[in-house]
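Novice: Please read through the structure below; I'll follow up with questions.
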Amino acid sequence: MSETAIQQQDENSYLISGELNMQTVPDLLQQVEPILSRSQDEVCFDLQAVSRSDSAGLALLVEWMRFARQRDRRLSFRNLPDQLRDIARVSGLEDILPLA
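Here you go:
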């Protein structure tokens, strides 16, 4: 299993790397809460370095969207891995993801 991390790229952009699964999602959820709370407007998460994801990864993105909406923040995702996009499509969630 690869280590999962969130690295700030610029003021409002963050790179997510590693695996998004049942073991890594709880920690990532907690790491993003302060990022969204302190942001002024929009935050973009770049998922190009995600090596693997399962349905827990999709649930994480949906939870981040809910959290951002509660704080009146805009959220977007870019470079969604094919595996995650396929799970979203099958789940009927592809159209609600804010893809950049």
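Count along the sequence shown from 1, add 275, and you get the number used in this note's numbering.
For glycine and all other residues, C-beta sits at the position ideal for the given N, C-alpha and C.
Here the structure is a predicted model, which is why all the values come from computation and not from measurement.
#1: From the DSSP secondary-structure annotation, give me the bridge partner or partners of V307.
#2: Is the stretch 317-325 close to the stretch 345-352, with three or more CB pairs under 8 angstroms?
#3: Here's the rule: buried if 16 or more other CB atoms are within 10 angstroms of the residue's CB, otherwise exposed. What is R346?
#4: Can you tell which of Q283, R348, A375, I281 has its C-alpha closest to the C-alpha of D316?
#5: If I'm right that V337 touches L311 with Cβ under 8 angstroms, what's the distance once you round it to whole angstroms?
Specialist: On the basis of the data shown:
#1: Partner(s): none; V307 has no beta bridge.
#2: yes
#3: R346 should be labelled exposed.
#4: R348
#5: Actually they are not in contact, since the Cβ atoms of V337 and L311 sit about 14 angstroms apart, beyond 8 angstroms.
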